[in-house]
Structure formats: C-alpha cells, structure tokens
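S.K.: Once you've had a glance at the structure underneath, I'll fire off some questions.
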Amino acid sequence: MSHIPKQAAQRSSTPSLRSARALQPHTRPTGLQLAGIALLAASLAFVSACGGSDDQSGSTPAANGPASPGDLLGPIAKATGAPIKIGVITDGASPIADHRNDNRVAEATTKWLNEHKSGLGGHPIELTICETLGDPSKATDCGNQLVEDGVVAALIGTSAVIESAWKPLNDAHVPVMLYGSDHPELLASPTTFSLGNPTFGVIDLPIQVAKDKGNKKVTAIVIDVPAALHAVQEVAPPLFQKAGIGYELLRIAPGTADMTPQMQQIAGNGSDQVFILGNDSFCISAMNGLRAVGFTGTISAISQCITDATRKSVPGGTLKGMVVAASAPIGADGPSMRLYTQVANTYGKDIDLSSQDGMIMFMITAGFQKAVENISGDITPATIASTIRAMKEADLPGAGGIKYRCSGKAIPAEPAVCVLGGLTTTLDSKGQPAAYKVLGNTPIAG
C-alpha cells in the first residue's frame with residue numbers, strides 16, 4: 025500500500041540563485057572548487073528530425089529491420105491500484121523559450137509507462153505539472169506547491185531556474201531527478217539525481233576538438249546570461265591553459281540578431297576555433313556572423329544550437345564538420361529515436377520530435393521509472409531515494425547507449441551525478457549527424 029507522508033510538506037521561501045559549479049568528469053584535484061553551467065549544460069541532447077544512427081559499440085539493434093510498434097513499446101503491463109503522485113516542473117512558455125512541448129512529452133511518456141511498464145511499483149503514475157515561466161520566484165512556488173501536493177518525487181526538465189524549483193523540494197527531502205545543473209548544494213544532495221555530465225559538452229569537448237584538429241586558440245561565444253557564464257569564466261581558462269590551448273571568452277546579449285561586428289573581433293584575435301554556447305536563435309546569428317566575416321576555422325557547439333530552424337537558416341557548408349555534444353542521438357534510424365517517436369505518436373499529441381528539450385524530458389521521465397522499477401512495499405520519498413541509490417547500472421532510455429547509475433559514486437564529491445562522459449557527433453552538409461561516439465562513459469561503482 026502506498027503512503028505519501030503529509031509531513032513532507034516542509035516549505036522554503038528562499039530561492040537558490042547562487043552561481044553553479046562544474047565537474048571534471050574523470051580526475052580532479054581534491055577539494056578543487058569548480059564553477060559551472062546550469063541552463064545550457066542541461067540541454068546537451070542533439071536534435072535531428074531525420075537521419076543519423078546511434079550505433080556506438082558495433083552492435084546494431086536495427087540490423088534486422090525496424091521493430092514493430094508492439095516490440096518498441098513492450099508487452100502490456102498495466103499499472104493498477106491507487107495512483108502515485110509525481111511532480112513535473114518545466115518552464116512552460118517562458119520569455120526565453122517555449123517548453124510546453126516538454127509537458128506533452130512527460131504526459132505521453134507517463135501513459136506509456138503506466139500501460140507497458142507497470143507504472144511505479146505497480147501503481148499508476150499521476151503527474152502534477154507546474155510551470156515556472158522562467159521566473160525564479162515562480163519556480164520556488166512550484167517547488168513548494170509540489171511539496172504541499174504530497175508528491176513522492178519530482179522531475180525537473182530543461183529550465184533556466186532549476187535551483188529555485190529544486191530548493192524547497194530538497195528541503196522537504198523529496199527526491200528530484202533532472203538532466204543537469206552545476207549548483208554545488210544540488211550536486212551534494214543525497215536525494216537528487218542528475219542524468220547529465222555538466223562539463224562534458226561545454227569544456228571537455230572543445231578542448232578535445234582543438235587537440236584533434238591541432239588548433240591553437242579557442243574563442244567561446246556565449247549567451248550573456250548568468251547561468252551560462254560561470255563555467256566559461258572560471259573553470260575553462262585554467263583547463264585550456266593546462267591543455268596548452270589559448271582561450272578567449274566573448275559574451276553576447278541574447279536576442280542579438282546581427283553578430284557580424286562581434287565576429288570581427290574573432291577574425292582579429294587569432295582564434296582558429298570557436299565554441300558556441302546558446303539557444304538555436306543565438307547560434308544561428310553567431311554562425312551567420314562568422315560566415316559574414318570569412319571565418320574558416322573549426323566550429324564546435326552545444327547541441328542546443330542545432331535544430332530544424334538552424335538547418336534552414338545556416339548554409340550546409342557552415343554546418344558540415346561541426347562537432348557537437350549529444351546526450352540523445354535523435355534520428356529516425358536510431359533505436360532511441362524510434363522508441364521516442366513511437367511513444368510520442370501513440371500516447372501524445374502535437375509533440376515536436378525535433379526538440380532536444382522534449383527528448384531530455386523523455387529521458388528524465390523514463391529514466392526515473394527505470395531507476396525505481398524494483399521498488400516494493402510502501403512508496404514514499406525515502407523509499408524512492410533509497411531504491412534509486414541501490415539501482416544497478418542500466419541503459420538510460422533515449423540516450424543511445426549511455427549507461428547510468430545513481431549510487432553516488434560517479435563523482436564522490438558530487439553524489440547527485442549519475443552519468444560519466446557523453447556522446448559526440450559530427451554534422452554532415454545537411455546539419456545531420458554523420459556518426460555518434462560514446463566518450464568517457466565508464467562504469468560507475470555500486
């Protein structure tokens with residue numbers, strides 16, 4: 025019999041707005057305090073409306089042809105009994121981006137889990153969705169609302185105000201699963217579970233690309249919002265210096281339509297590589313500005329840069345050869361995308377399958393259910409947290425071969441982290457992925 029303790033409705037009215045800290049995914053000096061990215065590192069899911077393959081290991085699940093819809097969704101295993109409340113927090117239609125698609129993905133994924141995966145411990149999952157609108161105070165209200173509603177766990181999608189939503193939930197000891205944040209208190213929480221590696225796509229990747237290409241200097245073109253700046257300002261410079269690569273940061277205000285004047289600076293500062301950090305409209309302006317000033321060096325970017333809008337607005341010659349981080353290898357020919365598409369088409373309506381943030385929500389929702397699939401007895405915040413901590417290593421749904429384990433030992437100083445490494449892909453002349461590679465996804469101890 026499930027139990028949702030009312031005493032969990034402990035409130036906190038202080039939003040967490042402190043700057044974040046980034047991780048070095050492999051080895052780090054003891055006690056080293058790192059700063060990091062929150063908003064943009066949470067969006068490391070490559071988008072491809074069609075094409076691509078997510079075979080990283082030589083094993084090709086689709087080698088014998090696509091599975092039938094029934095095979096993809098799995099056998100019917102309906103959840104029964106009293107529903108279990110799970111909270112979902114998204115930004116909804118914020119001034120920065122429209123995340124209402126994330127809501128639709130969470131709802132569709134939950135319907136699939138309730139019909140084919142026995143819900144949560146055999147009980148139907150009942151979602152309570154709250155939208156922050158990208159506002160810190162509203163995010164705090166969302167966290168408090170979910171606590172008062174008696175949810176036993178909460179899922180937070182891609183958001184500019186993750187920490188504000190997370191704080192009251194954490195104070196009430198409600199388990200939270202999200203894709204990524206670098207907030208030090210969040211990463212130290214024993215009841216928080218992060219499915220993304222914070223620095224893989226924003227620091228490790230551009231350094232590795234520069235080494236591979238023999239480039240000497242990288243300029244980071246970064247959207248000028250607080251959540252995007254801490255890692256590139258504080259963490260990146262010493263790591264680039266250690267790698268023997270020059271580094272310069274160029275901050276540009278969101279909404280800048282013509283970046284040609286700023287890109288002239290890059291043409292004159294000796295950079296042979298740029299790394300772009302922003303949403304797709306920001307990246308489109310940066311790429312077209314680089315083309316306008318005749319930049320011929322290497323371009324790398326976070327995956328949030330690459331959407332259908334980017335492919336329509338940026339010439340293929342600029343996109344070809346670009347290396348991006350990819351947490352979810354979205355593409356019609358990949359098993360991850362086939363499952364996501366089938367779930368969306370069967371249980372959802374008007375879901376934009378080219379949205380990286382929608383795929384992130386699928387990963388969070390399905391990843392949460394998989395982490396607690398062996399739960400038994402009373403279902404409470406405490407038993408959910410302990411079950412997730414005890415999970416064995418598993419494939420993260422929708423992540424194209426990335427494995428996760430939330431034992432707290434991936435990076436002991438940040439026990440919330442459940443994943444090491446990530447995916448990369450190189451774009452072809454149509455802005456589609458030519459191949460995917462799993463890098464640094466080493467086993468995590470129990």
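Mind the numbering: the sequence shown is residues 25 to 470 in this note's numbering, read in order. Each residue gets a CB set at the ideal place from its N, CA and C atoms; glycine is no exception.
1) Taking only runs that begin and end inside the segment 178–217, name each unbroken alpha helix (DSSP H) of 4 or more residues, in chain order.
2) Using the Cβ count rule (16 or more neighbours within 10 Å means buried), how would you classify T322?
3) Give the straight-line distance between the Cα atoms of P119 and D159, rounded to the nearest whole angstrom.
4) Enumerate in chain order the residues of its own chain whose CB-to-CB distance from I149 is below 8 angstroms, with the five nearest sequence positions on each side excluded.
5) If you drop the 5 nearest sequence neighbours on each side, which residues of the same chain put their C-beta closer than 6 angstroms to that of T450?
6) In terms of residue numbering, what span does the beta strand (DSSP E) encompassing E397 cover?
7) Nearest to N398 by alpha carbon, out of Q257, H147, P99, A434?
8) Could you tell me the alpha carbon to alpha carbon distance between N369 and T156, rounded to whole angstroms?
9) Assign V129 to one of three DSSP states: helix, strand, or coil.
10) Roughly how many angstroms lie between the CA atoms of T243 and F217, to the nearest whole one?
11) State the beta-bridge partners of T457 as determined by DSSP.
12) Is it true that the CB of A352 sits closer than 7 angstroms to the CB of M383?
13) Could you work out which residue in L263, R315, S188 is closest to A251 when comparing CA atoms only?
14) Starting from the C-beta of G105, find all residues in its chain whose C-beta is less than 7 angstroms away, skip the five residues before and the five after it, and write them out in chain order.
15) For a minimum of 4 consecutive residues, which ranges assigned as the alpha helix (DSSP H) are wholly contained in the segment 376–427?
16) Around the Cβ of I100, are there at least 16 other Cβ atoms within 10 angstroms (buried) or fewer (exposed)?
17) Using a Cβ-Cβ cutoff of less than 7 angstroms, which residues in the same chain neighbour V317 once the five nearest sequence positions on both sides are dropped?
18) With a floor of 4 residues, list each alpha helix (DSSP H) that falls wholly inside the segment 98–157, ordered by position along the chain.
19) Starting from R275, trace the beta strand (DSSP E) both ways and give me its first and last residue.
20) Identify which residue in A281, T280, A234, N293 has its Cα closest to the Cα of Q265.
21) Excluding the 5 residues flanking T334 on each side, which residues of the same chain have their C-beta closer than 6 angstroms to its C-beta?
22) In whole angstroms, what is the alpha-carbon distance linking S83 and K461?
23) Between M201, V198, P222, which lies nearest to P208 when the distance is taken from Cα to Cα?
24) Identify whether K241 lies in helix, strand or coil by the three-state DSSP scheme.
25) Pick out whichever of A310, N127, C442, K454 has its Cα sitting closest to the Cα of T466.
26) Provide the residue(s) that pair with S324 in DSSP beta bridges, ordered along the chain.
27) Could you have a look at V443 and say whether DSSP puts it in helix, strand or coil?
28) Give me, in chain order, the residues of the same chain whose beta-carbon lies closer than 7 angstroms to that of G401; leave out the 5 immediate sequence neighbours on both sides.
29) Using a 10 Å radius around the Cβ and a threshold of 16 neighbouring Cβ atoms, would you call D236 buried or exposed?
30) Per DSSP, which residues does I247 bridge with? Please list them.
31) Are the segment 188–207 and the segment 267–285 touching by the rule of at least three beta carbon pairs closer than 8 angstroms?
32) Let me know the secondary structure DSSP gives L23 once reduced to three states.
33) Is it buried or exposed for K191, if we count other Cβ within 10 angstroms and need 16 for buried?
34) If you draw a straight line from the C-alpha of G116 to the C-alpha of D381, how long is it?
35) Taking the beta carbon of T320 as the centre, do at least 16 other beta carbons fall within 10 Å, making it buried, or is it exposed?
36) By a C-beta neighbour count over all protein chains shown, 10 Å radius and 16 as the cutoff for buried, is K433 buried or exposed?
M.R.: By the coordinates alone:
1) Within the segment 178–217, the runs of alpha helix (DSSP H) at least 4 residues long that lie entirely inside it are, in chain order, 186–195, 208–211.
2) Along the sequence shown, one-based indexing puts residue 322 at 298. Buried, by the Cβ-count rule.
3) Within the sequence shown, residue 119 is the residue found at index 95, counting from 1. Within the sequence shown, residue 159 is the residue found at index 135, counting from 1. Going by the C-alpha atoms only, they are around 9 angstroms apart.
4) On the sequence shown, position 125 is the one that residue 149 refers to. Same-chain partners within the cutoff: A103, P107, I108, I110, T134, L137, N138, G143, Q393.
5) Indexing the sequence shown from 1 puts residue 450 at position 426. Answer for T450: V347, A458, listed in chain order.
6) What you label residue 397 is simply residue 373 of the sequence shown in a count that begins at 1. Taken as a continuous stretch (DSSP letters only), E397 belongs to no beta strand (DSSP E), as it is neither H nor E.
7) Here residue 398 refers to the residue found at position 374 when the sequence shown is read from its first residue. Cα-wise, what sits closest to N398 is H147.
8) Here the question's residue 369 lines up with position 345 in the sequence shown. Here the question's residue 156 lines up with position 132 in the sequence shown. Roughly 27 angstroms separates the two Cα atoms.
9) Here residue 129 corresponds to residue number 105 of the sequence shown, with the count starting at 1. Residue state, collapsed to three classes: helix.
10) Position 219 of the sequence shown, counting from 1, holds the residue named residue 243. Position 193 of the sequence shown, counting from 1, holds the residue named residue 217. In this model, T243 and F217 are separated by some 32 angstroms (Cα to Cα).
11) As a working mapping, residue 457 is identified with position 433 in the sequence shown. Note that residue 457 is Pro in the sequence shown, not Thr. Answer is L451.
12) Along the sequence shown, read from residue 1 onward, the residue named residue 383 stands at position 359. Along the sequence shown, read from residue 1 onward, the residue named residue 352 stands at position 328. Yes, the Cβ-Cβ distance between M383 and A352 is below 7 angstroms.
13) In the sequence shown, the residue the question calls residue 251 occupies position 227. The shortest CA-to-CA distance from A251 to any of L263, R315, S188 is the one to S188.
14) Here the question's residue 105 lines up with position 81 in the sequence shown. Only G146, H147 meet the Cβ criterion.
15) Runs of the alpha helix (DSSP H) inside the segment 376–427: 380–395, 405–413.
16) Looking up residue 100 in the sequence shown gives position 76. With fewer than 16 neighbouring CB atoms inside 10 Å of its own CB, I100 falls in the exposed class.
17) On the sequence shown, position 293 is the one that residue 317 refers to. Hits under 7 angstroms: T284, M287, Q288, A291.
18) You should have 124–140.
19) Counting from 1 along the sequence shown, the entry for residue 275 is found at position 251. Here the beta strand (DSSP E) through R275 covers 270–276.
20) For the purposes of this step, residue 265 is identified with residue 241 of the sequence shown, where counting begins at 1. Among A281, T280, A234, N293, the Cα nearest to that of Q265 is on A234.
21) The sequence position of residue 334 within the sequence shown is 310, counting from 1. Only D304, I308 meet the Cβ criterion.
22) Here residue 83 refers to the residue found at position 59 when the sequence shown is read from its first residue. Here residue 461 refers to the residue found at position 437 when the sequence shown is read from its first residue. With a pLDDT of 30 at S83, under the threshold of 50, the modelled position of that residue is not reliable, and no figure is offered here.
23) Walking along the sequence shown from the start, residue 208 turns up at place 184. Proximity to P208 across M201, V198, P222 peaks at P222, based on C-alpha coordinates.
24) In the sequence shown, residue 241 corresponds to position 217, counting from 1. K241 falls in the strand class under three-state DSSP.
25) Looking up residue 466 in the sequence shown gives position 442. C442 is the residue among A310, N127, C442, K454 whose C-alpha sits nearest the C-alpha of T466.
26) Here residue 324 refers to the residue found at position 300 when the sequence shown is read from its first residue. S324 pairs with F299, V347.
27) Counting from one through the sequence shown, the residue named residue 443 turns up at place 419. Coil.
28) On the sequence shown, position 377 is the one that residue 401 refers to. Result list for G401: T407, in chain order.
29) The residue labelled residue 236 in the question sits at position 212 within the sequence shown. The residue in question, D236, is exposed, as its Cβ has fewer than 16 Cβ neighbours within 10 Å.
30) The sequence position of residue 247 within the sequence shown is 223, counting from 1. Per DSSP, I276.
31) At 8 angstroms Cβ cutoff, the stretches do not touch.
32) Because residue 23 is not part of the residues shown, which for the chain are 25 to 470, the question remains open.
33) Residue 191 sits at position 167 when you count from the first residue of the sequence shown. It counts as buried.
34) What you label residue 116 is simply residue 92 of the sequence shown in a count that begins at 1. What you label residue 381 is simply residue 357 of the sequence shown in a count that begins at 1. C-alpha of G116 to C-alpha of D381: approximately 12 angstroms in a straight line.
35) Residue 320 sits at position 296 when you count from the first residue of the sequence shown. Flag for T320 reads exposed.
36) Here residue 433 refers to the residue found at position 409 of the sequence shown. Exposed is the call here.
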